[in-house]
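Visitor: Dropping a structure here in structure tokens format, bear with me for questions.
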Ligand code: HEC
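This is how it looks when you write it as structure tokens:
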């Protein structure tokens, strides 16, 4: 009988001890997860960084259209699209944006980008030129609407 009580107590102690051991491990996991989440947040490029890339491809697109380089125009147009996709997938935003990026994308960028893509395939100079003008003007409309009126793209 005495033996059973001793063994029982020892068992309970072992269970309690391992439960105690387990707890700090779980909170360590949470700490690691929290610091990794914070790190990902710090490494994630801001909206301005994506905009710089978009500006580069926007300007190269304009030059390609001017010299009637349709393949390059199609490429630069796709690159702009890739950057805007990333902004949406990673939910990039900042305090200047009044609504989620996707709302402005649909309003200002979706139509001219898809028109330019198709016009580049058709080698349609007029459509390329008019949609590029629309694209640039829409960059500026979005800037005006989101506290960036001074950021004029030409
Ligand atoms: C969602 C609306 C929106 C659209 C559409 C948009 N922009 Fe922007 N843009 C912004 C905002 C907001 C900022 C300010 C980012 C910041 O605070 O760093 C910005 C900043 C910029 C900057 C300055 C980046 C820097 O860090 O110095 C450039 C260049 C730029 N945009 C180019 C463009 C071009 C080119 C287009 C069109 C192809 C365009 N943007 C379309 C909202 C937009």
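Numbering (the working numbering), first residue to last: 5 to 158. From the three backbone atoms N, C-alpha and C, an ideal C-beta is built for every residue, glycine too.
What's the gap between the Cα of residue 73 and the Cα of residue 33?
Guide: 54 Å
Visitor: So that I know if they touch, is there some Cβ in chain C lying closer than 9 Å to that of residue 33?
Guide: Absent here is chain C; the protein component of the structure consists of one chain.
Visitor: Rank 112, 146, 42, 136 by C-alpha distance to the C-alpha of residue 121 and give the top, closest one.
Guide: 136
Visitor: In chain order, which beta strand (DSSP E) runs of at least 3 residues are fully inside the segment 116-158?
Guide: Listed in chain order, there is nothing to give.
Visitor: Drop a sphere of 10 angstroms on the beta-carbon of residue 151, count the other beta-carbons inside from all chains shown, and report buried for 16 or more, exposed for fewer.
Guide: exposed
Visitor: Answer yes if the segment 30-47 comes into contact with the segment 77-92, meaning at least three C-beta pairs across the two stretches below 8 Å, and no otherwise.
Guide: The segment 77-92 is not in contact with the segment 30-47.
Visitor: Compute the distance between the beta-carbons of residue 2 and residue 54, then report whether it is under 9 Å.
Guide: Outside the shown range of the chain, which is 5 to 158, sits residue 2, and nothing can be said about it.
Visitor: List the endpoints of the continuous alpha helix (DSSP H) containing residue 69.
Guide: 51-70
Visitor: Does the count of Cβ pairs from the segment 61-72 and the segment 101-116 closer than 8 Å reach three?
Guide: no
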